[in-house]
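Visitor:
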Ligand SMILES: [Zn+2]
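In our numbering, the protein residues as written are 1340 to 1570.
This is the structure:
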């Protein structure tokens, strides 16, 4: 294979390696749980934020556990909020320290980003994350060895809610239309800007979808539960 075909194939390979949700070239990662179990996992990225407590209240009212992929810098900014997420029994994952795109970054840079987030999350919540989500879903060469060194499994998603740009009704409609057993949904309880803007659409969409999904017989689990069921 040579010439233009080779270049095209290499480009396709790179795109899939970096962004394909099932690709494991750039680090082991998963994007759904067992399709034979009536369970679903809600995940929230980019927090903690000033709005996270409002989300925690909704989840508590519905008795729904979730997984929060936190940025180290936000944990350091709002340590009490990060603690309350852990204290409520939700799972905490690593979403890097400063939320950079990891493509074209060196292994040392990638390690620095993931290790800083691990350290800040541990220091402020007492939790050592086992799960990692790459910012923008972009992974890169070198990430694999960094994940191995830090004991992190990559977690992508089945459906991303677009909750940072869509109204709640559209987010809810998308998620309810896509929901199937074993799914991992990706939503956001913060932003990488400081201070975080309101997350009203996210809160409203979560409030709307939980009762409907429960009525369909789906139960909510953390990502670790949905990946490694014990019951
Ligand atoms: Zn993110």
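Idealized CB from N, CA, C, for every residue including glycine.
Taking the alpha carbon of residue 1463 as the reference point, which residue from 1470, 1414, 1548 has its own alpha carbon closest?
Guide: Taking the chain shown and counting its residues from 1, the one referred to as residue 1463 is at position 124. Closest by alpha carbon: 1414.
Visitor: What are the partner residues of residue 1430, as DSSP defines its beta bridges?
Guide: Numbered from 1 along the chain shown, position 91 holds the residue referred to as residue 1430. According to DSSP, which records beta bridges pairwise, residue 1430 is partnered with 1406.
Visitor: For residue 1504, is the classification buried or exposed, using 16 other Cβ atoms within 10 angstroms of its Cβ as the cut-off for buried?
Guide: Here residue 1504 corresponds to residue number 165 of the chain shown, with the count starting at 1. Exposed, by the Cβ-count rule.
Visitor: In three-state terms, what does DSSP make of residue 1447?
Guide: Taking the first residue of the chain shown as 1, we reach residue 1447 at position 108. Residue 1447: helix per DSSP, three-state reduction.
Visitor: Around ligand 1, what residues have a beta-carbon under 6 Å from a heavy atom of it, in chain order?
Guide: Here the residues come out as 1384, 1385, 1434, 1438, 1474.
Visitor: Would you be able to state if there are at least three C-beta pairs under 8 Å between the segment 1508 to 1521 and the segment 1448 to 1468?
Guide: No, the segment 1448 to 1468 does not touch the segment 1508 to 1521.
Visitor: Between the segment 1517 to 1529 and the segment 1378 to 1398, do at least 3 Cβ pairs fall closer than 8 Å?
Guide: Segments in contact, yes.
Visitor: Do you know how far the Cα of residue 1409 is from the Cα of residue 1533?
Guide: Taking the first residue of the chain shown as 1, we reach residue 1533 at position 194. Taking the first residue of the chain shown as 1, we reach residue 1409 at position 70. Answer to the nearest angstrom: the Cα atoms are 14 Å apart.
Visitor: Label residue 1530 either buried or exposed according to how many other C-beta atoms from any shown protein chain fall within 10 Å of its C-beta, with 16 as the threshold for buried.
Guide: As a first step, residue 1530 is located in the chain shown; it is residue number 191 there, counting from the start. Buried, since its Cβ has 16 or more Cβ neighbours within 10 Å.
Visitor: Residues in its own chain within less than 8 Å of residue 1488 by CB, not counting five upstream and five downstream?
Guide: Looking up residue 1488 in the chain shown gives position 149. If we look at residue 1488 and ignore the five residues flanking it on each side, its Cβ neighbours are 1450.
Visitor: Does the Cβ-Cβ distance between residue 1575 and residue 1563 come in under 8 Å?
Guide: Absent from the model: residue 1575. The displayed extent of the chain is 1340 to 1570, so no value can be given.
Visitor: Span of the beta strand (DSSP E) holding residue 1318?
Guide: Because the chain in this structure spans residues 1340 to 1570, residue 1318 falls outside the shown range and cannot be described.
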